[in-house]
Structure formats: structure tokens, C-alpha cells
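2 protein chains.
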Amino acid sequence: MAFDKLIEKIVEMQNPTVAGLDPKLDYVPQFIKDECFEKYGVTLKGAAEALLMFNKALIDELCDIVPAIKPQAAYYEMYGPEGVKALADTIAYAKSKGMYVITDGKRNDIGTTMEAYATAHLGETKVNDDMLIPFGADALTVNGYLGSDGIKPLLNVCKEKDKGIFVLVKTSNPSSGELQDLKLENGETVYEHMGFMCESWGESLKGQYGYSGVGAVVGATYPEMLKELRAKMPHTFFLVPGYGAQGGGANDVKFAFDKNGIGAIVNSSRGIMCAWQKQEGKTEKDFAEAAKVEAVRMRDDIRSVTGEMKLK
Amino acid sequence: MAFDKLIEKIVEMQNPTVAGLDPKLDYVPQFIKDECFEKYGVTLKGAAEALLMFNKALIDELCDIVPAIKPQAAYYEMYGPEGVKALADTIAYAKSKGMYVITDGKRNDIGTTMEAYATAHLGETKVNDDMLIPFGADALTVNGYLGSDGIKPLLNVCKEKDKGIFVLVKTSNPSSGELQDLKLENGETVYEHMGFMCESWGESLKGQYGYSGVGAVVGATYPEMLKELRAKMPHTFFLVPGYGAQGGGANDVKFAFDKNGIGAIVNSSRGIMCAWQKQEGKTEKDFAEAAKVEAVRMRDDIRSVTGEMKLK
């Protein structure tokens, strides 16, 4: 239940990180693009096949040391329906390799529409009497601006299918404070209020390691808020973007973890996908191996602040 | 520029409404499903083809009297990549019939990721030296919780490609107030603050009829707030959900319009898609004709509160 499966994987691998798969075509090595364009033409289909081939090679290298991937939906949608198919195929491939999959879609809507998103990304769609899996991720990022009507439809699917969600609370970008840091009449900030709603939504989705199935996105770029929210949201598992390319380091993310070294998973996307560019003597042919080197470095970097991760 | 093309269409047709195409398979007549399942199997592909056939028949009936459609992305995503292809095909078909297309995706993210969403839904994707259109809508709904970093990447695409966005301000659902109605220290509500941000974002995207390319979603179910926001957001065009099935009527939406009868477009989804169920003597075979009857009724209902719509 909740994020138990993910937490067990993190402890087993002693690695609280997730590889963001946000494959812009610019990041994909030329030899992969050449092969796919030759086979499928210089088309959205050709581009999508290149993304998929790139992702599969990364997953092959990472699956033994990184517990999870986080594909960002936007980078697939920009290649049209073919790109979205590459997202579905990437999810299926990662799951076949035993990885936990968090689709970063920041979806939001209400009632039956939010049910449709929950079904799309985490559940099964009924077609006549068959139940079919549209995308099949393990968790989805969502935006809570619409309140409980936007979150409750997800909770049913999470309970039935053993899935989780991450609600945006305090995001890693420079302007996140324009709305999220505003002070309310009662002295709370908007992000704090959102955090409290997460704690409350999570009550119906309790896990056995102290964390509910309603997680929160809290950026590595605001370490003091990470510390504050860790204290105020003791049952909420954190997804932490902003490590690496966005500027956050191990010392910035350390507050996201509890005394057992669990309670959070830290994301790196470009840092891993484009690792070969920063490693001496590597060419783009070495992208997957270089990604693994960076993933190990990142794991060890974060382990240096969490210590050993324990389930209880 | 901005929403000028949409406003001109509204005035030309004297109809400030948009047909929401949120085609759950349950809404699609059995004879369409039978035909598609026979051809493509009881699969996500079969389901997606049924949605597309349903949408095309609706568009054929509606395109002469309704200026725009609003497909809701969730209902396509729940049928997987094949469903998402039906979304792209629906958009292309509606545009070929001269309709304005608002993709309801409530997308949100930051920086290059938001650029990817902007490219996906409103722009063109570069593949080698070719520029290809992934979805090609005219406007996209977005969620502003992440602040300016989440909106500015859209404004460039809007300017270059003559497109628009609608930012969620005050949504139509019962729990929308949980966050949106909270009072800030300075006395503003969260939704008001979001509204003011829309006015400010819109300054770089001015249109010739007084409205910018940054619109706002404001629900019909909160008429007093619609009135308040119309006064406070004079340059922001409103997309108004909540008419019909959600309970709003002409008297609830009248405050969304300015003295020229423009400034807003009112959405109805289920009311139009499932109109045959509420019209005497109609069977599901009559769904498209019944949709037109309801669209005309809705147009006339709303016209009764706007009067003649004028450009200036």
C-alpha cells in the first residue's frame, strides 16, 4: 500500500534517487537518431522511436542500481501521439525491468475528469468487458489547485491498484513563491496549507512505514522550506526535484529525509541523461555507461547525508 | 493576435459558446462502438476510433453554429496513446471545418518543460530541419500554481503562433474554495491574486478588442465571483465551465460578459454530447442532430442575457 513498494526498493538498493527521463531530441545521440530517421523517416514517429531507443538503453544500465524512473509527460507530448506512445512503451519497459515508475504529468481536474486522468495514468480502462491498461505507471504527479475534488478521485484508484500520487507543494523554480509563498490570513503560507491538505488526504492511504500514498513535490532549491515541511508533514513522502542541473546538492536535500534515512526520493534528469558531456574522454556513444557512473555518484553523494536507509 | 480570431468568430456567429468534447465511451452510441470494435477489435484502438467517429459526427453538425470545441485531454488519455491520437485527429478535423480549438489540458510545469507543453499543444516541434505539428490547438488551459516560470514559456509560443491560454482562476467545482478562496494577508483571495497575475501576464499579448491572449477559467457556478472578476480583470477573456450539467444557467453566466456582449465563452460538454437522452422521441441514432438542437437552445439562452455581440 501507499509508497511501501517504492520505500522497500529504496532500502534494498540503498538508493533514494530517481532518474528523470525527459528525452528532448537534442539529448539523444546522433547515431540513434540516424538509425531511427532512416527506418521511420524524419517524422514524429522517427523522433519518438529515437526517444524510446535512448530510454531503453538508459533503463538497461540503470535498473540494477536506481529504483525508479520519472518520465516527464511534456517531452513525449511534444512529439505528438507517437511521442505519447513512446511514453507508454518506456513505462512498460521500465516495469519489465523491475523499476518503479512515476509519471510526471502534474495533472489536475475535477470529478469524472480527474477519474479519467487517474484511470489513464494509474488504472485500467473498461472497454466492453475488458480492462485495459492505458499507461500503467505506479505514481503520478498532480496539482492540487482545485482542492479535494481534484484529489479524491485519485485516492480510489490508488487504494484499489496500490498506486501513489505526488501533489505539488513547493516547487523548485525561482518564481514558485509568487503564489506558493504568499501568507494567508491565518499566518500559514499557501504551500504550507497545501502541505496540510496532503497530510489530510493521505489519512485514507496509510502505508506500513509511516508514509501515506499521498506524497508531495518539494524542491531541493529551497532547503529551509524542505526542513520546515519535513517537520510539518511527517506522513508525507517527498519527491524532490532540483538536484544537479537546477543547482541543489546533497546538503540541500538532506532535510527531506527522516532519522531512518527514508521519506524522500531525489530526482535528477539532465544530470543523468547528458552525463557523458561532463565526463572526461566520453563520447555520445558512451551515454548509457556515463549515465550509470553519474547515477552511482549521485547515490553515494546523497547516501553521505542520509546514512544507511532502514525500514523501521 | 490574442483571442481576436475567436472573438471575431463569436461575433460572426452571434454565439459565445464552446462545445466540450469529453467523449467517454459510455456516451458513444452503441452502433458506433459496434462498428469500430468489429473493425479494430475490443481494444484501446477500437475505443479510440469510436471516440473519433463520434466527435466527427458532432463537429459536422455543430461547425456552422458553434465557433469552438474544447476537447478535454483526460478523456483521450484514458484510452492510451491510441486515445491521444484520436485527440490529435479530432483537433485537425475541427480545424478543417473552420472551428477554433481549445485543448483542455490544465498543463503546468516550468522552464523548458513548460516550453515542451507549449510546443506540444500550440506550437511546432523541430525534427532535424523540419517543423512538425504535434497537436495544433488554438488555445490551451493551464494551471498557474507554479507562478510566472510556468506561464512565460507559453507567451512566446502564443505570440509567435497567434495562440492563447486560459489560466485556472476560480474553478466551478464545490471544493474550489479550499485553496482558491483563502484570504491572503493583504486582503486579496488566492483566486483574485491569480486573476491579477493573468492581467499582468496578458500585457505582452494585447488584442485589438480589449482582451489579451491570457484568458482565465472562471466557473459559472460562482456568479458573484464571476461579476467581481469581470470588473477586476477587464482585459482577460473568460472561459466559463459549469453551464448545464454542473448547474449554471444563463443568469449565472451573464456577469462574464462586457457591455458589448463579448469577453467570455461558455462551455457545455455533457449537455451537448448526450442531448438525445433529454429530447423527446430521440434515440441514440439521433445524437448529432440532438446535439445541434441543444447547441442552438444554449446559444439562444445565453444570447438572451448578452444581447447582440459587437466587436467594439
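Sequence lines, in order, name chains A and B.
With positions in the first sequence counted from 1, the corresponding number in our numbering is that position plus 31.
With positions in the second sequence counted from 1, the corresponding number in our numbering is that position plus 31.
By construction, the Cβ of each residue, glycine as well, lies at the ideal position given by its N, Cα and C atoms.
No experiment lies behind these values; they were computed from the predicted model shown.
Interface residues of chain B facing residue i [CB-CB closer than 7 angstroms]
i, result
"residue 151 of chain A", "105, 108 and 109"
"residue 93 of chain A", "Neighbours of residue 93 of chain A on chain B: none; closest Cβ ~21 angstroms, over 7 angstroms."
"residue 78 of chain A", "158"
Simplified DSSP assignment, three categories, for residue i
i, result
"residue 208 of chain B", "helix"
"residue 199 of chain A", "strand"
"residue 121 of chain B", "helix"
"residue 135 of chain B", "strand"
"residue 252 of chain A", "coil"
"residue 33 of chain B", "coil"
"residue 148 of chain B", "helix"
"residue 260 of chain A", "helix"
"residue 218 of chain A", "coil"
"residue 110 of chain B", "coil"
"residue 268 of chain B", "coil"
Sheet register partners of residue i (DSSP bridge)
i, result
"residue 162 of chain A", "A:157"
"residue 173 of chain A", "A:138 and A:198"
"residue 299 of chain A", "A:50"
"residue 237 of chain A", "A:243"
"residue 143 of chain A", "Note: residue 143 of chain A sits in no beta bridge, so no partner."
"residue 102 of chain B", "B:52"
"residue 279 of chain B", "B:274"
Whole-Å CB distance - residue i paired with residue j, under 8 angstroms assumed
i, j, result
"residue 141 of chain A", "residue 197 of chain A", "Contact doesn't hold; Cβ gap of about 19 angstroms is too wide."
"residue 238 of chain B", "residue 85 of chain B", "In fact, because the Cβ distance is near 33 angstroms, the residues do not count as touching under 8 angstroms."
"residue 38 of chain A", "residue 242 of chain A", "7 angstroms"
"residue 267 of chain A", "residue 229 of chain A", "5 angstroms"
"residue 137 of chain A", "residue 199 of chain A", "6 angstroms"
"residue 76 of chain A", "residue 113 of chain A", "5 angstroms"
"residue 278 of chain A", "residue 252 of chain A", "6 angstroms"
"residue 210 of chain B", "residue 224 of chain B", "Their Cβ separation, rounded to whole angstroms, is 11 angstroms, which puts residue 210 of chain B and residue 224 of chain B out of contact at 8 angstroms."
"residue 48 of chain A", "residue 330 of chain A", "6 angstroms"
"residue 168 of chain B", "residue 153 of chain B", "6 angstroms"
Closer than 7 angstroms at the beta carbon, the chain A residues around residue i
i, result
"residue 340 of chain B", "Within chain A, no residue comes near residue 340 of chain B; the closest Cβ sits about 29 angstroms away, beyond 7 angstroms."
"residue 28 of chain B", "Chain B is shown only over 32 to 343; residue 28 of chain B falls outside these bounds and no answer can be derived."
"residue 169 of chain B", "Under the 7 angstroms cutoff, chain A gives no residues; its nearest Cβ is about 17 angstroms from residue 169 of chain B."
"residue 62 of chain B", "Under the 7 angstroms cutoff, chain A gives no residues; its nearest Cβ is about 14 angstroms from residue 62 of chain B."
"residue 214 of chain B", "215 and 216"
Listed by chain order, chain A residues near residue i by CB distance under 9 angstroms
i, result
"residue 208 of chain B", "178"
"residue 161 of chain B", "73 and 74"
"residue 256 of chain B", "Within 9 angstroms Cβ-Cβ: nothing; residue 256 of chain B doesn't reach chain A, min ~15 angstroms."
"residue 116 of chain B", "111, 112, 113, 115 and 116"
"residue 249 of chain B", "Within 9 angstroms Cβ-Cβ: nothing; residue 249 of chain B doesn't reach chain A, min ~13 angstroms."
Candidates the options: closest to residue i by CA position
i, options, result
"residue 81 of chain B", "B:69, B:91 and B:225", "B:69"
"residue 97 of chain B", "B:296, B:305 and B:306", "B:296"
"residue 203 of chain B", "B:149, B:269 and B:250", "B:250"
"residue 275 of chain A", "A:299, A:254 and A:294", "A:299"
"residue 99 of chain B", "B:112, B:114 and B:121", "B:121"
"residue 83 of chain B", "B:95, B:64, B:147 and B:73", "B:64"
"residue 90 of chain A", "A:53, A:114, A:106 and A:112", "A:53"
"residue 147 of chain B", "A:57, A:234 and A:214", "A:57"
"residue 128 of chain A", "A:152, A:101, A:94 and A:144", "A:94"
"residue 322 of chain A", "A:131, A:74 and A:308", "A:308"
"residue 212 of chain B", "B:233, B:260, B:184 and B:187", "B:260"
"residue 193 of chain A", "A:236, A:151 and A:165", "A:236"
"residue 102 of chain A", "A:62, A:119 and A:310", "A:119"
"residue 151 of chain B", "B:60, B:191 and B:165", "B:165"
"residue 161 of chain B", "A:78, A:281, A:51 and A:245", "A:78"
Proximal chain B residues relative to residue i, where beta-carbon distance stays under 9 angstroms
i, result
"residue 225 of chain A", "176 and 210"
"residue 101 of chain A", "In chain order: nothing, as chain B lies at least about 12 angstroms away."
"residue 326 of chain A", "Near residue 326 of chain A there are no residues of chain B at all, since even the closest Cβ is about 21 angstroms away, more than 9 angstroms."
"residue 381 of chain A", "A question about residue 381 of chain A goes unanswered here, because the residues of chain A that appear run from 32 up to 343."
"residue 228 of chain A", "209 and 210"
Within chain B, partners of residue i - CB distance below 8 angstroms
i, result
"residue 204 of chain A", "141, 142, 177, 178, 180 and 181"
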